[in-house]
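Taking it in order: structure first as structure tokens, then the write-up.
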Amino acid sequence: MRLNVRLIRIRDKLVLCLSALAIVFTLLLVMDLQMDLGYSGHHLNPSHARVRIGDPPETDTVYNNFRRKFLQRGNGSREQTNNDVTPIIEKSKKSGVMTLSSIKKHDDFSDLMDLIVNGYAVNVDEGVAIISREDREYNPTIRELRKMTLKKNSTTLEKFHFQISRLQLYSEDSKYVDQLLHEMATKSILHVVQKDGGTQLKLVIDYGDNMQALFKPMRFPREQQTLPNHFYFTDFERHTAEIASFHLDRLLGFRRAMPVNGRTLNVTTEIYQIADSELLKTFFVSPAGNLCFHGKCSYYCDTAHAVCGSPDTLEGSFAAFLPDKTFAARKAWRHPWRRSYHKRKKAQWEHDSDYCTLVREIPPYNEGRRLLDLMDMAVFDFLTGNMDRHHYETFRIFGNDSFTLHLDHGRGFGKPFHDEMSILAPLLQCCVIRRTTLSTLLRS
Numbered sequence: 001m002r003l004n005v006r007l008i009r010i011r012d013k014l015v016l017c018l019s020a021l022a023i024v025f026t027l028l029l030v031m032d033l034q035m036d037l038g039y040s041g042h043h044l045n046p047s048h049a050r051v052r053i054g055d056p057p058e059t060d061t062v063y064n065n066f067r068r069k070f071l072q073r074g075n076g077s078r079e080q081t082n083n084d085v086t087p088i089i090e091k092s093k094k095s096g097v098m099t100l101s102s103i104k105k106h107d108d109f110s111d112l113m114d115l116i117v118n119g120y121a122v123n124v125d126e127g128v129a130i131i132s133r134e135d136r137e138y139n140p141t142i143r144e145l146r147k148m149t150l151k152k153n154s155t156t157l158e159k160f161h162f163q164i165s166r167l168q169l170y171s172e173d174s175k176y177v178d179q180l181l182h183e184m185a186t187k188s189i190l191h192v193v194q195k196d197g198g199t200q201l202k203l204v205i206d207y208g209d210n211m212q213a214l215f216k217p218m219r220f221p222r223e224q225q226t227l228p229n230h231f232y233f234t235d236f237e238r239h240t241a242e243i244a245s246f247h248l249d250r251l252l253g254f255r256r257a258m259p260v261n262g263r264t265l266n267v268t269t270e271i272y273q274i275a276d277s278e279l280l281k282t283f284f285v286s287p288a289g290n291l292c293f294h295g296k297c298s299y300y301c302d303t304a305h306a307v308c309g310s311p312d313t314l315e316g317s318f319a320a321f322l323p324d325k326t327f328a329a330r331k332a333w334r335h336p337w338r339r340s341y342h343k344r345k346k347a348q349w350e351h352d353s354d355y356c357t358l359v360r361e362i363p364p365y366n367e368g369r370r371l372l373d374l375m376d377m378a379v380f381d382f383l384t385g386n387m388d389r390h391h392y393e394t395f396r397i398f399g400n401d402s403f404t405l406h407l408d409h410g411r412g413f414g415k416p417f418h419d420e421m422s423i424l425a426p427l428l429q430c431c432v433i434r435r436t437t438l439s440t441l442l443r444s
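First residue of the sequence shown: 1, per full-length UniProt numbering; consecutive thereafter.
Below you can see the structure in the form of structure tokens.
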């Protein structure tokens with residue numbers, strides 16, 4: 001009897017010891033992941049679970065040289081480098097007149113113009129300016145592939161969805177874009193509900209008749225830039241960035257972003273009185289007498305970061321909805337040049353100058369148009385200053401040989417006087433660009 005009791009006690013002690021060891025091991029693993037203690041080594045695999053050790057910082061490679069010159073600057077993009085000839089403003093002590101001691105040399109891009117005109121380094125498979133081999137004659141629309149017909153009472157948004165093709169969201173001469181922009185800005189709103197998911201507040205605007213728009217409210221004045229101590233993944237979203245990005249995408253000839261425009265709402269009659277019950281719970285009147293709400297989301301959805309009218313008028317962006325996934329399913333892809341979204345860690349592409357070689361071996365980047373589409377996206381993101389490109393989407397109905405959607409640009413244009421050169425890493429590492437994109441940039 002006594003032996004059995006002792007065995008039970010020993011067993012209990014062993015269980016307690018093993019539990020304590022498991023807890024300690026778990027704590028060490030969590031601390032390693034969060035604080036980089038180094039117990040687990042290279043525990044975080046990059047995208048596609050392919051690992052390659054990066055170049056030593058002192059190695060003289062193209063990407064390391066570029067990083068030392070552009071990516072490791074302490075200040076903004078306007079600082080002077082050894083090879084730049086920048087204007088130096090001097091003030092005469094006697095006359096007080098401001099003079100330029102030197103004038104910045106203008107780059108006419110003659111080398112790039114020569115590349116386009118004379119065809120140097122222009123090729124189908126090799127070279128810098130790539131000629132896309134895709135068959136542009138084969139450009140079916142969603143309507144044609146699904147063999148559907150338009151109804152007499154179809155909304156403008158439904159008509160827009162039907163004409164989405166393999167190569168673009170809308171054609172250059174589409175009659176539905178301007179019509180859709182006008183309707184989103186003028187039609188009466190019937191119902192408002194907060195959109196599920198996402199890091200910041202977004203509202204689904206329902207006009208009735210199966211027409212909806214995504215509303216991003218104005219959070220702060222247009223002239224307010226990204227706070228110096230904010231990371232790219234904690235910055236506020238700007239409604240003006242969504243509007244400007246749509247127009248830039250259109251001007252560049254990509255036509256891969258859904259139509260977006262601005263509208264001023266009456267918070268009382270066009271949001272509060274027609275909002276769902278969950279959103280209504282977050283409304284309040286501020287000490288200044290303005291009607292405010294904050295919704296529920298991951299960041300900035302609390303009383304201290306509420307969206308307020310002035311006193312009850314609120315400006316925001318209205319983006320047309322993509323087709324329902326039951327009608328045109330989409331596939332989300334992890335962007336190969338995704339950032340780490342960590343305060344201390346860096347992504348693999350930030351320390352591996354041959355990272356593009358690895359990407360080129362992985363479908364769908366090893367053939368077709370996809371790699372060139374990512375080069376277009378890098379150019380587009382650089383011009384908007386958008387560092388928040390972690391995923392992208394394509395329409396499943398067109399397969400892999402289709403365009404990439406340009407979505408979610410709210411964190412663009414946060415630093416209008418800063419050129420974030422790291423956004424161009426895909427172009428630098430792969431050293432390719434679509435010829436038509438380069439031609440468009442040179443004409444601009």
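Cβ coordinates follow ideal geometry from the N, Cα and C atoms, glycine included.
Would DSSP call residue i helix, strand or coil?
i: Gln179; result: helix
i: Ile423; result: helix
i: Cys17; result: helix
i: Ile130; result: strand
i: Arg339; result: coil
i: Ser298; result: coil
i: Thr326; result: coil
i: His42; result: Model confidence at His42 stands at a pLDDT of 38, short of 50, so the residue's coordinates are unreliable; what they give is reported in the following sentence. The answer is coil: DSSP assigns His42 none of H, G, I, E or B.
i: Ser310; result: coil
i: Phe318; result: strand
i: Ser92; result: Note on Ser92: pLDDT 48, under 50, position unreliable in the model; no value is reported.
i: Lys331; result: strand
i: Ser165; result: strand
i: Ile189; result: coil
i: Ile8; result: helix
i: Arg434; result: strand
i: Thr155; result: coil
i: Thr141; result: strand
i: Glu361; result: coil
i: Arg78; result: Because the pLDDT at Arg78 is just 43, under 50, the model does not fix this residue reliably, and the point stays unresolved.
i: Ser110; result: helix
i: Thr440; result: helix
i: Tyr170; result: coil
When the cut-off is 8 Å and only beta carbons count, does residue i lie next to chain C?
i: Ile205; result: Although the question refers to chain C, the structure presented lacks it and comprises just one protein chain.
Less than 8 Å separating the beta-carbons of residue i and residue j?
i: Ser402; j: Arg146; result: no
i: Thr437; j: Asp376; result: yes
i: Ile433; j: Ile130; result: yes
i: Asp235; j: Arg411; result: yes
i: Tyr232; j: Met387; result: yes
i: Val307; j: Arg238; result: no
i: Thr440; j: Leu252; result: yes
i: Ile189; j: Ile243; result: no
i: Lys346; j: Ser340; result: yes
i: Phe162; j: Ile142; result: yes
i: residue 468; j: His409; result: Since the displayed the chain opens at 1 and closes at 444, residue 468 lies outside it and no answer follows.
i: Ile271; j: Val379; result: no
i: Phe254; j: His406; result: yes
Roughly how far, in whole angstroms, is the beta-carbon of residue i from the beta-carbon of residue j, given that I think they are within contact range, below 8 Å?
i: Leu442; j: Leu112; result: 6 Å
i: Gln194; j: Glu315; result: Actually they do not touch by this definition, with Cβ atoms about 18 Å apart.
i: Ile181; j: Pro259; result: The sequence shown places Leu at residue 181, not Ile. Their Cβ separation, rounded to whole angstroms, is 5 Å, which keeps Leu181 and Pro259 in contact under 8 Å.
i: Thr282; j: His294; result: 5 Å
i: Thr394; j: Arg330; result: 7 Å
i: Gly309; j: Leu291; result: 5 Å
i: Glu332; j: His391; result: It should be noted that the sequence gives Ala, not Glu, for residue 332. Right, their Cβ atoms sit about 5 Å apart.
i: Leu157; j: Phe321; result: 7 Å
Any idea if residue i is buried or exposed, counting beta-carbon neighbours within 10 angstroms, 16 or more meaning buried?
i: Thr226; result: buried
i: Cys17; result: exposed
i: Gln429; result: buried
i: Arg396; result: exposed
i: Ala425; result: buried
i: Leu28; result: exposed
i: Ser317; result: buried
i: Val267; result: buried
i: Thr404; result: buried
i: Arg389; result: buried
i: Gln224; result: exposed
i: Tyr170; result: buried
i: Gly208; result: exposed
i: Ile205; result: buried
i: Met211; result: buried
i: Arg138; result: The sequence shown places Tyr at residue 138, not Arg. Under this definition Tyr138 is an exposed residue.
i: Glu361; result: exposed
i: Ala22; result: exposed
### Query
Whole alpha helix (DSSP H) runs in the stretch 246–293 with 4 or more residues, listed along the chain?
Correct list: 267–270 and 277–280.
### Query
Curious, which full-length beta strand (DSSP E) runs of at least 3 residues does the stretch 191–231 contain?
Restricting attention to beta strand (DSSP E) runs no shorter than 3 residues, the stretch 191–231 encloses them at 191–194, 203–208 and 211–217, ordered along the chain.
### Message
To test your reading of the DSSP string, which unbroken beta strand (DSSP E) runs of 3 or more residues are found completely within the stretch 378–429?
### Response
Within the stretch 378–429, the complete beta strand (DSSP E) runs of at least 3 residues are 391–395.
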